[in-house]
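Take a look at the structure below.
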Amino acid sequence: MKNNNEQSSMRNEKAVKRFIRVPEVLNRVGFSRTTLYERIKDGSFPDRVKIGLRSIAFIESEVDEWIEKTIQNTRYDFSKNNMANNEVVL
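The numbering of the sequence shown is the numbering used here, which starts it at 154 and goes up by one.
Dropping the structure here:
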């Protein structure tokens, strides 16, 4: 029999997947609906999942991961450009 710590650890390893709907995605990323669908089409944003005959959603963890990667890439590009130009940013 597993103790509570082992059971808790197993639950954490199996990340709970959660669907979020388009309005929530738009709120999180700040895109217009048109921009969201353009980014999905060009592959620069996670694709949607069909959850019903006329319903779609996004996987929350994929959207969160996209946000984190965008932040990291922007910060990396910003610091790289400033170092190349010998600029000091305060």
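Idealized CB from N, CA, C, for every residue including glycine.
In its own chain, which residues sit with a C-beta less than 8 Å from the C-beta of isoleucine 220, not counting the 5 before and 5 after it?
For the purposes of this step, residue 220 is identified with residue 67 of the sequence shown, where counting begins at 1. The beta carbon of isoleucine 220 is closer than 8 Å to those of Arg181 and Val182 in its chain, skipping five residues each way along the sequence.
In DSSP terms, what alanine 210 is bridged to
As a working mapping, residue 210 is identified with position 57 in the sequence shown. As computed with DSSP, alanine 210 is found in a beta bridge with Val202.
Residue interval of the alpha helix (DSSP H) (run including arginine 174)
Here residue 174 is taken as the residue at index 21 of the sequence shown, counted from 1. That residue, arginine 174, is in no alpha helix (DSSP H); it is neither H nor E in DSSP.
Go through its chain and collect everything with a Cβ distance to isoleucine 224's Cβ below 7 Å, but skip five positions before and after it.
Here residue 224 refers to the residue found at position 71 when the sequence shown is read from its first residue. In its own chain, leaving out the 5 sequence neighbours on each side, no residue places its CB closer than 7 Å to the CB of isoleucine 224.
Neighbour-count burial assignment, valine 169, 16 or more Cβ in a 10 Å radius
Here residue 169 refers to the residue found at position 16 when the sequence shown is read from its first residue. Of the other Cβ atoms in all chains shown, fewer than 16 fall within 10 Å of the Cβ of valine 169; this residue is therefore exposed.
Applying the criterion that 16 or more other CB atoms from any shown protein chain within 10 Å of the CB defines a buried residue, is valine 202 buried or exposed?
As a first step, residue 202 must be located in the sequence shown, where it is residue number 49. Exposed is the call here.
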